[in-house]
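Taking it in order: structure first as C-alpha cells, then the write-up.
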Ligand SMILES: *Cc1c(COP(=O)(O)O)cnc(C)c1O
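In our numbering, the protein residues as written are 17 to 491.
Written out as C-alpha cells, the structure is:
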C-alpha cells in the first residue's frame, strides 16, 4: 500500500508530536523495561502480513506492543553502562538523513556527505588536541574503528603481505592491552586473523591502568621468542571504571619497539574538549590512531564513532578496493570514504554531528560536560561521607563505582550478594537504572552520569533511592 505525500505529512506531524511528548514525559516511565523474555516476541504475528496495513494500526501496535519493551536510554534517570545520548538537534538531523537516504560511500555518490564529514572531523580533531596533520572519518562503532586499526597495523607491518596471500606462513603478531581493556579488542584480534592467543593482557596498577613496566617486559619476552610485537591498544577510560592508561608512557614504549599505538577513548574522549583534561593527551603525537564515540557522551545519536589516524594513506592502502562498477571520474581528487574502513555503504552521519556541534557550540558542550562532572563529584562526596557506602576506586570523570559495605563479620560473598540484590531491587523498581562491574572481586554498582538532560535533582533522587533500598534490604 503506497502512502501519498499527504499521508506522509499527516503522520510525520503526528509522530513529531508523539516524539515531543515522549521526551517531555520520559521521567514518568520505568527506566529499565520491565517485560520478561518472549513477552514482546509472542505479541508479534508469526507470519508477515500479506496485505499492507494502515499506518494508524501499525502506530498503535508500536505504542502498545513495542513501547513496554523499550528501556529508556534517554531518561535522565539512566545511569547504566555508558550513555548512548541523543539530543534535539541530533534527532532533527536524523530525520533529514532518513529522508535524504543517501549513501556516502564515495564522494560522487553524495559530495556533501563526504565533505561535511571531513570538516566536522577536523573541527573535533582540533578542539580535542589531536595533531593537526591527522585525518578523521566516521565509523559505525568504536569496535569497528579498533578492528580497522588492528588490520591497518597488520598490513603496515607485513608490507601488505597478509592482504595479498593471507596469514599462512606469516609471523606471530602480538597485540597488547590491559586486563581492563574493552572486549572489542579481543573481538578485533580474532576477526583480524591474529589469533586470540596472541592478545597479551597486561596487568594493571592500583589505579587499574595498564602497567607500563609489565608491558615492556612482555614485549621483550615476545621478541626473544621470535614473535612480532604489532600493536598496543591503550584505553583512555576503561569501560569498568574509566581508568586512564598513560598515552605518554605507553607511547615511549611503542616508539622504542616500533609498535602501532591505538587509543580507545570510546567514552571519555568527549572530555578531551575540556582544557582541564588535555593533560591526558600528552604524547598523543606518538600514537597512530584514536577513536571516541560522539554517540556516547557527545549528544549525537548512535551510530557515530569518530576515528582519527595519523597516516591516512596507511588506512586507505589497507582497505581500498576499486572494482569497475565503483570507478568514477573524480577518483584520486577526492576522499572516497568507503576506502577508509570496512563497509561499503555509509549513512550520512556527519549531518547529525554538524547539527549538534553547531547547536551547542564548543562552550555549550563544555558546559554540559562540566555539569556532568560536577554531578559525579557531588555523588562521590555523598559516598565518601556515608558510613556504609564506599568507593571501590576514586571517581574517574563522571563514573562513580561504589558498593554497600556490610559489617566486618560479613564475608565477601555475602557482601557481593547483598549489592547484587540491591542493584536488582533498584532496577526493577523502575525509578533508575544502574549496572555493575567487579573490581578486585568486589561487586560494585556503576553510576555513569552523562545523560543529555540529567540535573542535580536526578542524581539526588537516585542517591536517596539507593540509600533507602539498601536500608530496607538489611537483615
Ligand atoms: C563502549 C566502549 C567500546 C565499544 O563501543 P562501540 O561503539 O559500541 O563499539 C569500546 N571501548 C570502550 C572503552 C568503551 O567504553
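The beta carbon of each residue, even a glycine, is placed where N, CA and C say it ideally should be.
Task: Uninterrupted beta strand (DSSP E) stretches inside the stretch 286-362 (no shorter than 3 residues) - done: 305-308, 321-325
Task: residue 420 burial status per 10 Å Cβ neighbour count (16 or more: buried) - done: buried
Task: Three-state secondary structure assigned by DSSP to residue 104 - done: helix
TODO: Return the residue from the list 368, 160, 318 that minimises the CA-CA distance to residue 108.
DONE: Checking every option, the nearest Cα to that of residue 108 belongs to 368.
Open item on the list: Measuring only the C-alpha atoms, how far is residue 218 from residue 251?
Closed with: One alpha carbon belongs to residue 218, the other to residue 251, and they sit about 12 angstroms apart.
TODO: Measure the alpha-carbon distance for residue 71 versus residue 112 and round it to whole angstroms.
DONE: Roughly 21 angstroms separates the two Cα atoms.
Open item on the list: At a cut-off of 6 angstroms, would you count residue 414 as near ligand 1, judging by its Cβ distance to the nearest heavy atom?
Closed with: no
TODO: Take the Cβ of residue 471 as the centre, count every other Cβ of all protein chains shown within 10 Å, and call the residue buried at 16 or more, exposed below.
DONE: exposed
- [ ] Measure the Cβ-Cβ separation of residue 442 and residue 452 and say whether it is below 7 angstroms.
- [x] no
Task: For residue 315 and residue 484, the rounded distance between their alpha carbons - done: 32 angstroms
Task: Alpha carbon of residue 447 to alpha carbon of residue 463, nearest angstrom - done: 14 angstroms
TODO: Ignoring anything shorter than 4 residues or poking outside the stretch 97-163, list the alpha helix (DSSP H) runs there in chain order.
DONE: 104-116, 127-143
Task: Whole-angstrom distance between residue 282 and residue 309, CA atom to CA atom - done: Residue 309 and residue 282 have their C-alpha atoms spaced approximately 5 angstroms apart.
Open item on the list: Can you list, in chain order, the residues of its chain with a C-beta nearer than 8 angstroms to that of residue 35? Leave out the 5 residues immediately preceding and following it.
Closed with: 107
Task: Span separating the alpha-carbon of residue 33 from that of residue 27 - done: 10 angstroms
- [ ] Give the range of the alpha helix (DSSP H) segment to which residue 270 is assigned.
- [x] 263-273
TODO: Would you please state the rounded distance, in angstroms, between the beta carbons of residue 289 and residue 378? I believe it to be under 8 angstroms.
DONE: 7 angstroms
- [ ] Along the alpha helix (DSSP H) that carries residue 479, what are the first and last residues, could you check?
- [x] It spans 472-489 - the alpha helix (DSSP H) in which residue 479 sits, taken as one unbroken run.
Task: Cβ-based burial, residue 130 [other Cβ within 10 Å; buried from 16] - done: The residue in question, residue 130, is buried, as its Cβ has 16 or more Cβ neighbours within 10 Å.
Open item on the list: Mapping the DSSP letters down to three states, classify residue 71 as helix, strand or coil.
Closed with: helix
TODO: Grab me the residues of residue 179's own chain with a C-beta within less than 6 angstroms of its C-beta, minus the 5 sequence neighbours each way, in chain order.
DONE: 171
Open item on the list: Buried or exposed for residue 90, going by 16 or more other Cβ atoms inside 10 Å?
Closed with: buried
Open item on the list: Which residues does DSSP list as the beta-bridge partners of residue 455?
Closed with: 458
Task: For residue 190, the residue or residues it bridges with in DSSP - done: Bridge partners of residue 190 according to DSSP: 245.
Open item on the list: For residue 37, count the other beta carbons within 10 Å of its own beta carbon; 16 or more makes it buried, fewer makes it exposed. Which is it?
Closed with: Counting Cβ neighbours within 10 Å, residue 37 comes out exposed, since fewer than 16 surround it.
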